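Student:
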Amino acid sequence: EFPPGSAMTWWAFSSCTTEMTVLENNMYLGQEGDRTLFSVEAINGRTIKAHSHFVTEDEIVLMSGTHMIVQSQLSPAANLYIIHLKQVEPEMMTLEPPFEGAHIYPKIPRPFYRKKRFMIPICLLLTLFIAGVIIGVILGTKSKTTKYVCENPFQPSDSINTGNYPSSSVVGYFDNDAYLDIAIVNSKDNTVALLLGDKKQIFRSTQPATGDKPSSMISVDLNNDTKIDLVVTNTNDDTVSVLFGLGNGLFLDAVDYDVGEGPNLVTSADFNNDGQLDLAVANQGDITVSILFNNGNGLFPNSTYFSIYDFPSAIVSGDFNGDKIMDLAVSYSLDPYVDLFFGLGNGSFNNSNYYYTDYYPISMILTDLNNDKNLDLVTANSDDATLTILVNNGDGSFTSSTLDSIGIYLSFLIAADFNNDNNVDLAILDTYGYTINVLLGAGNGSFPSSIPYYLDYQPLYIVATDFNNDNKTDLAIISNDDYSTSILLGIGDGNFDSDAKDVNTESALWLLSYDFNGDHNQDLALISEENNYIIVLLGSGNATFLAPLSNSVSSFPYQVISSDFNNDTKQDLIVINQGDNTFDVLFGFGNGSFNTPVNYTVGQLPSCIVTSDFNSDKILDLAVSNIQDATVNVFFGRTNGSFEIQHTYNFTGSPTCVTAGDLNNDGKPDLIVTNKKNNTVSILFNNGSGNFVYSNDYKVGRTPTFLISGDFNNDKNIDLVVVNSGSNNVSVLLNNGNQTFSNATNYAVGKGPSFVSANDVNNDGIIDLVVVNSNSDSISVLLGYGTGDFQTQITYPTPKNPTSVVVFDFNKDNKPDLGVTNARANSLSIFSNICKG
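Residue numbering for the sequence shown follows my numbering, beginning at 15 and increasing consecutively.
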């Protein structure tokens with residue numbers, strides 16, 4: 015009945031003992047009949063000797079229900095059976111609770127470190143030993159040679175004549191010839207000038223007409239033809255002109271779109287998530303931002319607007335809060351703050367935050383100052399000559415800091431890596447100080463060093479790009495004196511060649527760089543404010559440009575941006591016009607020429623425009639800051655390059671600029687707006703549908719007028735750089751990664767900074783900044799450290815009144831060069847980068 019291996023349960027016994035003498039007593043086992051003796055190995059038996067009948071007894075009690083297993087059996091005599099049992103642990107509860115509600119306590123687990131108390135310390139010691147060996151090998155084989163970092167990236171500039179009062183520029187391959195071109199807005203000519211580059215480093219130019227008083231310009235492919243188009247704001251006729259590029263540096267006649275009153279800034283992004291680039295136009299006249307929605311072919315049949323605060327100085331677009339919806343940021347010329355408008359993904363925005371700056375944020379950029387993949391904001395505060403740096407915390411909030419003593423009167427701010435250290439640097443125009451201050455970024459949102467560049471004219475506008483294809487960031491500077499454009503060639507270490515290359519223009523006010531004719535050379539597009547056309551300078555690939563090609567836009571074009579708005583793979587332009595509160599969309603033909611501008615109305619006195627895909631439809635949308643009516647307009651783009659205004663966001667601080675970036679890492683571009691009156695930048699988070707939710711304001715310098723964003727401290731969060739024309743500095747705000755920014759760190763630049771660009775100008779892999787100093791006729795290069803900090807400015811002189819800068823390799827030497835529009839010198843300055851390697 016009990017074969018070995020059988021499981022059994024012990025329920026009862028007659029008697030038991032541990033003594034042989036007791037077992038031999040016949041009283042227990044007897045001498046006849048069937049007798050069974052169980053020999054038990056117990057785990058938890060309990061002795062009851064005190065309760066036994068005999069002193070010789072030493073009994074063991076086992077609880078009823080004890081689990082046993084048969085080990086063996088033996089029959090040493092007739093009718094005598096011995097079975098050996100072994101107690102085992104049950105796999106389940108063997109007893110029911112003795113009464114209702116009783117608690118059976120679980121087995122107390124034994125800590126693993128008690129079980130492995132000898133092996134753990136042995137393994138730890140072995141691990142430490144192996145790690146020490148590895149570290150020793152690495153340190154022992156590491157090169158002791160100090161890495162070369164270029165400290166003075168640019169040589170003196172070459173100037174190229176543009177239109178009258180150039181104010182903004184973008185670079186692009188407008189004629190699809192592999193040579194970079196430049197599009198420049200000429201505010202007084204109402205034109206966009208194209209400088210088309212060729213292999214001999216000569217820029218040819220075109221001059222497509224715009225609206226009345228073109229004021230700003232962007233380049234983008236609006237109609238998806240792979241050819242860069244132009245968008246120009248026309249301040250006097252309240253329109254934006256769209257000039258479609260032909261891909262050869264020429265553009266079709268401008269198509270005008272009504273926007274708000276006094277449009278002066280424009281940006282492009284997909285604000286309604288339809289996959290098409292829309293437009294956002296800042297209108298300083300009615301203090302609104304007009305959003306024009308692209309229908310997919312570069313046309314903008316629908317638009318909306320929202321109110322901002324007062325007199326926008328800059329507008330940028332990006333996904334500030336990481337929701338994959340484009341947001342807007344608007345700065346104000348008369349109020350010390352930046353408004354943030356967070357996109358809702360449908361072209362509307364929610365103004366949920368603002369940040370204080372110094373007086374007044376005249377320029378603002380959106381870039382990643384600290385290399386955290388979050389878009390940060392930087393404003394240049396004109397009156398205080400400070401920079402307000404708003405570092406994106408990753409959730410659309412920003413941490414503000416201030417850089418002081420940048421210059422006398424800051425007018426413009428750009429970001430680029432001027433010293434090739436992979437950190438964002440800043441370049442600030444000090445208009446009254448006749449300098450460009452280059453603040454070298456440390457990659458963490460700070461700018462520990464600055465390089466001043468002294469000019470013999472007042473700088474007005476600046477762009478940064480590589481004009482001579484040497485892989486060093488150069489500068490193009492617009493002079494405020496004779497409207498010429500000077501080129502400062504970057505050396506690659508944050509310095510520029512002191513021998514500027516001047517390009518004669520007419521009233522160049524805005525500058526951007528792109529390859530408009532597809533020759534892989536950077537061209538320039540400038541705004542001619544007085545003559546109401548755009549000057550296009552075709553680059554030759556060696557930092558020289560051919561004669562200007564102009565495209566007419568609306569009244570007093572102020573800023574230009576460039577992208578492919580109609581999805582034809584050709585670069586287009588958008589120009590904001592302060593004279594008529596519009597922006598013009600110029601569709602590129604891919605040959606450097608543009609179609610007739612398509613005009614859109616924005617708010618009053620638009621000051622800045624940014625493009626991004628705000629509504630996640632894979633079409634570029636726009637956000638425009640408007641100073642006078644304190645609004646930012648968000649336009650949703652369509653696949654044909656048209657725009658429809660979707661939302662207008664109101665501000666209280668005269669938004670001077672807006673930019674876009676994913677500040678909270680949700681994949682949606684947010685908006686950052688500089689506010690002139692209250693010296694702040696405002697953060698608006700995109701909800702994914704193109705609507706923006708206001709988040710917070712961050713203090714920057716006085717009179718923030720422009721801003722850019724980028725990851726300046728390599729933490730994958732977008733930081734901000736703001737140009738403060740009133741305090742003559744740029745503010746770097748590092749993103750904390752939690753939708754907030756650190757306090758602004760200010761870096762001194764020249765007088766009246768108005769524009770900034772971020773790029774690695776000295777080829778050290780760190781983003782640097784290039785700032786346009788409108789009142790001191792110079793540009794400032796701030797080399798970045800890769801930590802969000804920047805070095806003291808390096809200043810390069812420009813012709814009079816520089817207004818914007820583009821950073822690109824114009825001469826194909828793998829060094830970023832600079833192109834600067836000079837409004838009063840009617841020229842474009844090319845700064846060739848002279849850094850080693």
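For each residue, glycine too, the CB sits at the ideal point set by N, CA and C.
A quick note: this is a predicted structure, and the numbers were derived from the prediction, not measured.
#1: Can you grab the Cα-Cα spacing for the pair Ile83 / Ile149, in whole Å?
#2: What's the C-alpha gap between Ala92 and Phe16?
#3: Indicate whether the contact test is met: 3 or more Cβ pairs, each with one atom in the stretch 737 to 752 and one in the stretch 366 to 378, closer than 8 Å.
#4: Evaluate Gln215 with the Cβ neighbour count: other Cβ atoms within 10 Å of its Cβ, from every protein chain shown; 16 or more gives buried, anything less gives exposed.
#5: Just checking my contact of Leu540 with Val206 at CB under 8 Å: how many whole Å lie between their CB atoms?
#6: Is the beta carbon of Val599 closer than 8 Å to that of Leu279?
#7: Provide the residue span of the beta strand (DSSP E) that contains Pro466, from first to last.
#8: State the beta-bridge partners of Tyr547 as determined by DSSP.
#9: Under 8 Å by Cβ, that's how I've got Ala644 and Ser321 pegged, so tell me the actual separation to the nearest angstrom.
#10: I think Leu244 touches Ser607, with their Cβ atoms under 8 Å apart; what is that distance to the nearest whole Å?
#11: Using the Cα positions of Asn664 and Asn365, report the straight-line distance between them to the nearest angstrom.
#12: With 16 as the cutoff for other CB atoms within 10 Å, does Cys849 come out buried or exposed?
#13: Determine the DSSP secondary structure at Thr596, reduced to helix, strand or coil.
#14: Bridge partners for Met77 per DSSP, in chain order?
#15: Just reading off the beta strand (DSSP E) that Gln618 is part of, what are its end residues?
#16: Let me know if Ala223 comes out buried or exposed under the rule of 16 or more other beta-carbons within 10 Å of its beta-carbon.
#17: Could you work out which residue in Ser792, Ala772 and Ser790 is closest to Tyr799 when comparing CA atoms only?
#18: What do you get for Leu721, buried or exposed, if any count of 16 or more other CB atoms within 10 angstroms of its CB means buried?
#19: What are the partner residues of Gly447, as DSSP defines its beta bridges?
#20: Applying the criterion that 16 or more other CB atoms from any shown protein chain within 10 Å of the CB defines a buried residue, is Val102 buried or exposed?
#21: For Ser255, report the span of its beta strand (DSSP E) as first-last.
#22: Starting from the N-terminal side, write out each stretch of the beta strand (DSSP E) that is 3 residues or longer and does not extend beyond the stretch 635 to 669.
#23: May I ask which residues mark the beginning and end of the beta strand (DSSP E) holding Arg716?
#24: In three-state terms, what does DSSP make of Thr141?
#25: Check this for me: beta carbons of Ser304 and Gly704, under 8 Å apart or not?
#26: List the endpoints of the continuous beta strand (DSSP E) containing Asp733.
#27: Excluding the 5 residues preceding and the 5 following Gln618 in the sequence, name in chain order all residues of the same chain whose CB lies nearer than 6 Å to its CB.
#28: The beta strand (DSSP E) that contains Arg49, what's its start and end?
#29: Measuring alpha carbon to alpha carbon, tell me which residue in Leu358, Asp537, Arg838 and Ser89 is nearest Asn629.
#30: Give a single yes or no on whether Ser89 has its beta carbon closer than 7 Å to a heavy atom of the ligand ADP.
#31: Val151 by DSSP, collapsed to three states: which one?
#32: Can you check which of these residues, Glu55, Pro135, Val820 and Cys137, is closest to Leu99 by C-alpha distance?
#33: Beta-carbon separation of Ile780 and Asn286 under 8 Å?
#34: Report the option in Tyr708, Asp439, Gly593 and Phe603 whose CA atom is closest to the CA atom of Pro620.
Tutor: Inspection of the coordinates gives the following:
#1: 57 Å
#2: 17 Å
#3: yes
#4: In this prediction, Gln215 has a pLDDT of 49, which is less than 50 and means its spatial position is unreliable; nothing more can be read from the coordinates.
#5: 7 Å
#6: no
#7: Ser463 to Tyr468
#8: Ser542 and Ser566
#9: 6 Å
#10: At roughly 11 Å, the Cβ-Cβ gap does not stay under 8 Å, so Leu244 and Ser607 are not in contact.
#11: 7 Å
#12: buried
#13: strand
#14: None, per the DSSP bridge assignment.
#15: That residue, Gln618, is in no beta strand (DSSP E); it is neither H nor E in DSSP.
#16: buried
#17: Ala772
#18: buried
#19: DSSP output for Gly447 lists no bridge partner at all.
#20: exposed
#21: Thr253 to Phe258
#22: 645 to 651 and 657 to 664
#23: Arg716 to Gly724
#24: helix
#25: no
#26: Asp729 to Asn738
#27: Gly274, Glu275, Gly276, Asn297, Gln298, Gly299, Asp300, Ile301, Asn595, Asn640, Gln642 and Asp643
#28: Arg49 to Glu55
#29: Leu358
#30: With respect to the ligand ADP, the structure offers nothing, as it holds no ligand at all.
#31: helix
#32: Glu55
#33: no
#34: Gly593
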